[in-house]
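Okay, so here's the structure we're looking at.
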Amino acid sequence: MQFSHFDLNLLRALDALLAERNVTRAAEKLFVTQQAASGALRRLRDFFEDELLVRAGRHFELTPLAQSLLVPVREALLRVEAALSTQPSFDPARATRIVRLAMSDYASLILLPRLMSLLAIEAPRMTVRVEALNSASFRRLEHGDLDFCITVPHWGLYHDFGPSADILTEQLFEDDFVCVVDRRHHPAETMSLAHYRAALHNVVRFGSGIETLVEHAWRHIGFEPQIAATAPSFSALMFMVPGTPLVATAQRRLARTLAPPLRLKMLECPVAVPMLDEHMMWHVRNDSDPAHLYIRRTFRKLAGKLDSNHKS
430 MQFSHFDLNL LRALDALLAE RNVTRAAEKL FVTQQAASGA LRRLRDFFED
480 ELLVRAGRHF ELTPLAQSLL VPVREALLRV EAALSTQPSF DPARATRIVR
530 LAMSDYASLI LLPRLMSLLA IEAPRMTVRV EALNSASFRR LEHGDLDFCI
580 TVPHWGLYHD FGPSADILTE QLFEDDFVCV VDRRHHPAET MSLAHYRAAL
630 HNVVRFGSGI ETLVEHAWRH IGFEPQIAAT APSFSALMFM VPGTPLVATA
680 QRRLARTLAP PLRLKMLECP VAVPMLDEHM MWHVRNDSDP AHLYIRRTFR
730 KLAGKLDSNH KS
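Counting the sequence shown from 1 gives a position; this note's numbering is that position plus 429.
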């Protein structure tokens with residue numbers, strides 16, 4: 430095979446086919462017909478003299494050659510995209526970039542209203558796409574499918590991902606944890622350790638690949654709580670408490686926002702849960718990108734305006 434004979438128009442098709450391992454999904458990603466995607470795969474097979482995708486039962490798997498192409502092809506496309514999008518000067522008011530974020534519902538509640546309000550004034554043509562943070566988010570950040578992850582850099586919480594020299598982080602703000610209870614079921618103004626241990630708890634479960642700081646603290650002290658309910662997010666956790674004897678352990682900022690309308694009470698937590706250090710994370714390839722620099726400055730500005738004395 431000779432590079433001079435390769436049709437560069439096939440590069441995006443190759444990237445989509447390798448990433449999706451499915452002609453139909455690749456076609457959807459490329460916004461072309463399935464017939465066009467099949468034709469691209471046929472031409473790629475002819476060029477590489479390799480099947481690239483081989484059927485394994487009901488699915489397709491990458492051949493060894495295809496596997497070796499997966500990362501280099503993606504990196505090449507990202508570099509071309511970065512080179513073409515680089516501007517001598519960046520004007521937020523005229524920028525049309527799509528900013529792709531992965532964050533928890535907690536981070537969304539704290540940051541997104543402020544972010545969208547500011548962008549509506551400074552960068553009204555930019556688009557923000559937010560997805561729920563999960564165990565796949567860090568791989569998506571590595572592969573260029575996300576611009577930022579907003580989360581805590583406690584790598585021990587993520588069973589499927591560890592520190593990487595390619596992932597840069599910067600702290601935005603801190604928060605601690607409190608107990609949230611129904612006033613009628615918990616009339617006391619304090620939460621003793623004995624009461625906490627004996628209580629029924631509800632807990633957030635993000636998935637098999639992520640452990641929350643609350644679960645981490647419980648495991649560290651050997652506490653096995655009575656779990657009466659699980660929730661997919663911390664805000665959902667709070668909405669499960671009214672009218673029940675449940676004890677929810679949640680971030681103080683979130684509790685301060687949601688407890689009053691839900692008629693819940695905040696109590697100091699008798700268990701030492703690690704401080705939540707909310708960080709923004711991005712890939713080193715985007716470190717000098719003008720749009721990225723603007724968004725990072727924006728997050729810093731928003732975090733700086735958060736009430737530093739948030740305990741009340």
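Note that beta-carbon positions come from the ideal geometry of N, C-alpha and C, so glycine has one too.
Looking at residue i: is its Cβ nearer than 8 Å to the Cβ of residue j?
i      : j      : result
Leu642 : Pro582 : no
His572 : Arg503 : yes
Leu731 : Leu540 : yes
Asn715 : Leu675 : no
Leu482 : Leu494 : no
Met555 : Ala536 : no
Ala466 : Ala505 : no
Across which residues does DSSP place residue i in a beta bridge pair?
i      : result
His708 : Thr580 and Gln600
Asp479 : Asp479 pairs with nothing; no bridge assigned.
Phe606 : Gln680
Arg726 : BP columns for Arg726 are empty, so no partner.
Asp611 : Leu693
Met532 : Ala561 and Ile579
What are the boundary residues of the beta strand (DSSP E) that residue i is part of?
i      : result
His488 : His488 to Leu491
Leu629 : Leu629 to Val633
Val452 : Note, Val452: premise wrong, no beta strand (DSSP E); alpha helix (DSSP H) at Val452 to Leu459.
For the alpha helix (DSSP H) containing residue i, name the first residue and the last one.
i      : result
Arg484 : That residue, Arg484, is in no alpha helix (DSSP H); its beta strand (DSSP E) goes Leu482 to Ala485.
Arg685 : Arg681 to Leu691
Thr556 : Note, Thr556: premise wrong, no alpha helix (DSSP H); beta strand (DSSP E) at Thr556 to Ala561.
Leu666 : Phe663 to Phe668
Arg569 : Ser566 to His572
If you run the structure through DSSP and keep just helix, strand and coil, what is residue i?
i      : result
Ile539 : helix
Leu420 : The question about residue 420 has no answer here: the residues shown for the chain are numbered 430 through 741.
Glu644 : helix
Ala657 : strand
Ala445 : helix
Leu440 : helix
Ile527 : strand
Met545 : helix
Indicate whether at least one CB of chain D lies closer than 8 Å to the CB of residue i.
i      : result
Asp718 : The chain inventory of the structure shown lacks chain D, comprising one protein chain alone.
Per the contact definition of three or more C-beta pairs closer than 8 Å, is the stretch 609 to 622 in contact with the stretch 688 to 704?
yes
Pair every Cβ in the stretch 519 to 535 with every Cβ in the stretch 557 to 574, then say whether three or more of these pairs are closer than 8 Å.
yes
Do the stretch 654 to 668 and the stretch 679 to 695 make contact, defined as three or more Cβ pairs closer than 8 Å?
yes
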